[in-house]
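Those letters in the sequence shown? Residues 19 to 323, per the numbering used here, in order.
In what follows, a single structure is set out as structure tokens and then discussed.
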Amino acid sequence: MLEGLRRAFRGLVESVATEELTDQKLGELLEEFRIALIANEVSVEASEFLTEKVIEALRGKRVARFSDRRSVVVDALRKALEETLIEGDPKALVREIEAYHSSTGEPYPVLFVGPNGGGKTTTVAKLALFLKESGLTPVIACSDTFRAAAIEQMRTLAERVGVRCVSQRYGADPAAVAVDAIASARSSRAHVVLIDTAGRSELNRNLLEEMRKIKRVAMPKRVIYVGDALTGNAAVEQVRQFDAYVGVDYVVLTKLDSDVKGGTAISLCYATRKPILFVGTGQDLRDLAPFSKAEVIERVLGGLG
Ligand SMILES: Nc1nc2c(ncn2[C@@H]2O[C@H](COP(=O)(O)OP(=O)(O)OP(=O)(O)O)[C@@H](O)[C@H]2O)c(=O)[nH]1
Ligand SMILES: [Mg+2]
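Set out below in structure tokens:
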């Protein structure tokens, strides 16, 4: 997980702390660092931001002792990451659902959107488990009536979590399924409805329009974009597209367990300023963790300064 990013950070810290720094040498090291970031899926803009923060911190400190320089660089990188990454707060979401449900008596609809295979269906099941263990009753809406086997996949996962799942036949109107699930949740006094949808891309206008219709009809309180960390920096454009169509409140970044590069979270937060609520760390239903800036920073900078 995130080894590439760690290597890029360590490369810069080690060379700044052990080499004589002429202006030219420092320029070369920083350029190498910037390129190593880009190679690990950090966007050009975010790479420039991180590099600029190091330059600012080192300005006027080039004569300092090597060991001082090390901590100057590590501190600058830590601060830059703290500024860039944005955590969503799962506990705050739970409280919000509870407050909404107790004041209105209505279930709180949450819409999941994202590209094909990003991890939506799996994440809906993982989140249902998390919410259930937080004391809430979720209902799942199978609004992916499009992809073959999507309904069976969602039903099987829902059964494993022990959560009710509302579905219709393939080809049914996904917005109608969501409305059905909300009505069913209302009558059973369930707290929250998680709406799984079909994967879609900017290439398919019909599916994007359909997603808008689900949003218009189901009126979700929150929209969660689920994307896969392996998409890298290209995820920035995807989030922007989905945001333009339906508005995105939170990001869940899946498959972090197989992401050896690591730059996706930095690129996404830097460009979109959307909070990352959870990360997916495996295929098991418990492989969902709140996104933690401190953990990312420890993983990439731990032991360096
Ligand atoms: N390793 C790993 N695999 C994951 C993670 N999340 C999802 N997957 C796997 O990714 C694959 C696709 O996940 P789905 O949940 O079906 O993705 P989806 O977005 O619903 O896909 P479509 O409905 O086809 O758009 C499955 O094999 C999941 O088990 C994760 O955090 N880590
Ligand atoms: Mg799916």
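A virtual CB, placed ideally from N, CA and C, is assigned to each residue, including glycine.
- prompt: Between residue 55 and the rest of its own chain, which residues show a CB-CB distance below 6 Å, the 5 nearest in sequence each way excluded?
  reply: So the qualifying residues of the chain are 26 and 65.
message: What does the alpha-carbon distance come out to for the pair residue 224 and residue 212?
response: The alpha-carbon atoms of residue 224 and residue 212 are separated by roughly 22 Å.
message: Please identify the residue among 183, 217, 319 and 24 whose C-alpha is closest to the C-alpha of residue 166.
response: It is 217 whose Cα lies nearest to the Cα of residue 166.
Burial state of residue 59 (16 or more Cβ within 10 Å): By the 10 Å Cβ count, residue 59 comes out buried.
- prompt: For residue 242, which residues does DSSP report across the bridge?
  reply: The partner list for residue 242 (beta bridge, DSSP) reads 130 and 268.
task: Can you grab the Cα-Cα spacing for the pair residue 155 / residue 179, in whole Å?
output: Distance between the alpha carbons of residue 155 and residue 179 is about 11 Å.
- prompt: Does DSSP classify residue 291 as helix, strand or coil?
  reply: In the displayed model, residue 291 falls within coil according to three-state DSSP, outside both helix and strand.
message: Taking 7 Å as the threshold (C-beta atoms), are residue 35 and residue 71 in contact?
response: In this structure, residue 35 does not lie closer than 7 Å to residue 71 by Cβ.
- prompt: Where DSSP assigns a beta bridge to residue 306, which residues make up the other side?
  reply: DSSP output for residue 306 lists 298 as bridge partner(s).
field: Buried or exposed by the 16-neighbour rule on C-beta atoms within 10 Å, applied to residue 41
entry: With fewer than 16 other Cβ atoms within 10 Å, it is exposed.
message: Could you compute how far the alpha carbon of residue 254 sits from the alpha carbon of residue 226?
response: C-alpha of residue 254 to C-alpha of residue 226: approximately 17 Å in a straight line.
task: List the whole-angstrom C-beta distance separating residue 139 from residue 171, where the pair is believed to meet the contact cut-off of C-beta under 8 Å.
output: The beta-carbon separation of residue 139 and residue 171, rounded to 6 Å, stays under the 8 Å limit for a contact.
Cβ pair residue 125, residue 203 closer than 7 Å: In this structure, residue 203 lies closer than 7 Å to residue 125 by Cβ.
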